[in-house]
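Student: When you line the sequence shown up against UniProt numbering, it's residues 1 to 159, in that order. Glycine included, each C-beta is placed from N, C-alpha and C at the ideal position.
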Amino acid sequence: MRIAIPLCLLLACALGSCTKIKDPEFRRVDEFGVRKLGFEESVVGFAATYYNPNNFGVSVKEAGIDVYVDTIFLGKFTQPAEVTVNKTAEFSIPLEGRIPVAKALQFDLPKLLGKTVTLRAEGTVKVGKVGVFVTKPIRYVGRQTISMDLIKNPAGAGR
């Protein structure tokens, strides 16, 4: 009994000193480009960069998001590889999606050059540490200017 009370007090103090886990902060979308060009479909990819404000690292795996450009559904994008996230650091999640040529033709890219579009992403990602993972929602809405860099970087965007 003598050991139980100090042990409970020590445990209560330790749990009380834990800080609240903060959500990652979205920074930018970059490395956007065509990974593979095909006659029936192409593979398009980009990296979503975040900042981890926590004092511990985690792993990110199995992201799956639906991407919309303005009101047009572009496709389902998935994470091809697990990402290690360091404490208090930026990290990027690579995402790739297969886009049918018919869908790509809906965008009339030459007319979009220099224009700003609304990019919307909704989905989930598994985040965890030491084999314990939880599914967290991903939601993003932002404006993206369509530039020649998107076209110039077909293979350079691939990892």
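Would a C-beta distance cut-off of 7 angstroms place V85 and G57 closer than the cut-off?
Tutor: Cβ distance < 7 angstroms, so V85 and G57 count as in contact.
Student: Alpha carbon to alpha carbon, how far is S59 from I146? Give it in angstroms, no decimals.
Tutor: 31 angstroms
Student: Given V101, which residues of its chain have a CB within under 8 angstroms of its CB, disregarding the five upstream and five downstream residues?
Tutor: G38, F39, E40, E41 and S42
Student: Specify the secondary structure class of A104 as computed by DSSP and reduced to three states.
Tutor: helix
Student: Are the stretch 67 to 75 and the stretch 110 to 122 in contact at 8 angstroms, needing three or more beta carbon pairs?
Tutor: Verdict: yes, contact present.
Student: Sort S92, E90 and G64 by Cα distance to Q79 and report the nearest one.
Tutor: When only C-alpha atoms are compared, the closest one is G64.
Student: Would you kindly report the start and end of the unbroken beta strand (DSSP E) that includes L113?
Tutor: Segment: none, L113 is in no beta strand (DSSP E) and carries neither H nor E.
Student: Below 7 angstroms between beta carbons: does that hold for L95 and F46?
Tutor: yes
Student: Identify whether I146 lies in helix, strand or coil by the three-state DSSP scheme.
Tutor: DSSP places I146 in coil when its eight states are reduced to three.
Student: Compare the Cα-Cα distances from A104 to each of P24, G33 and I21 and report the closest residue.
Tutor: Out of P24, G33 and I21, G33 has the C-alpha closest to the C-alpha of A104.
Student: Kindly list the residues whose CB is nearer than 8 angstroms to the CB of G97, restricted to its own chain and excluding five residues on each side of it in sequence; keep chain order.
Tutor: Taken in chain order, the residues that qualify are V43, V44, G45, V67, L74, G75, K76, F77 and T78.
Student: Between E62, I99, E82 and N55, which lies nearest to A89 when the distance is taken from Cα to Cα?
Tutor: N55
Student: I need the straight-line Cα distance from V83 to G142, nearest angstrom please.
Tutor: 23 angstroms
Student: Roughly how many whole angstroms lie between the Cα atoms of N52 and K22?
Tutor: 8 angstroms
Student: Go ahead and label V125 buried or exposed: buried means 16 or more other beta carbons lie within 10 angstroms of its beta carbon, across all protein chains shown.
Tutor: buried
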